[in-house]
Amino acid sequence: MGDSTRKIDVQKLIAFGNDLVGCLKEEKDVKNLTQHMELSKALQSHCNGDSKAVHNLRQAVYLCYANGLMDYMSIRDVECEWDIAVGSPSYIIDNLFLASDYRKKIDLSKKKADDTKSEAVADVEMDFLQKELAVSNMINTVITNQIGDLELQGVSVEERRQLLKKLEQEELRTQ
């Protein structure tokens, strides 16, 4: 009552068994076959691990896109993370969060540096304007002093005119 799809030709099975026994007569052949089987299992395990890592990476990238974390990350950066990663999505996501945080810190530092540069430029400009104001004040002081001197001279001239007029009037009276 066996399964009809699993019918095995007994003669072929015996022939295969005899061939296998013939190939594995020497102990060296058995060791080689065992070694190849172990290498095959190791290769299969490695391939499964890589497959899981790629799957986890795809999930991590999807989560990062969904959460808006890929603003600062390029696919090349993600590939580098995959090269480093053990394959866990939490490792990759944590590193993407860190990279995003570092990018924000770098941007903040650049902004602070730009602000400092603009403040330095403003300070230099302020110094220049203060020197210009000092020169302008000195010029105003000199001009004010000269105007004061001229006003005094004007008063003196006016007094002389009045004195001359008086003298002329007295001369006219005496004549």
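Letter by letter, the sequence shown follows residues -3 to 171 in this note's numbering.
Cβ atoms here follow ideal geometry from the backbone N, Cα and C, with glycine treated the same way.
Please read all numbers here as calculations on a predicted model, not as lab measurements.
Sub-8 angstroms separation of residue i and residue j beta-carbons
| i | j | result |
| --- | --- | --- |
| L20 | L9 | no |
Cβ-based burial, residue i [other Cβ within 10 Å; buried from 16]
| i | result |
| --- | --- |
| D79 | Caution applies to D79, whose pLDDT of 48 falls short of 50 and renders its modelled position unreliable; the value that the coordinates give is listed next. Under this definition D79 is an exposed residue. |
| A109 | exposed |
| N52 | buried |
| A130 | exposed |
| A56 | buried |
The alpha helix (DSSP H) enclosing residue i, as first and last residue numbers
| i | result |
| --- | --- |
| L20 | Looking at the DSSP string, L20 is not in any alpha helix (DSSP H), and its letter there is neither H nor E. |
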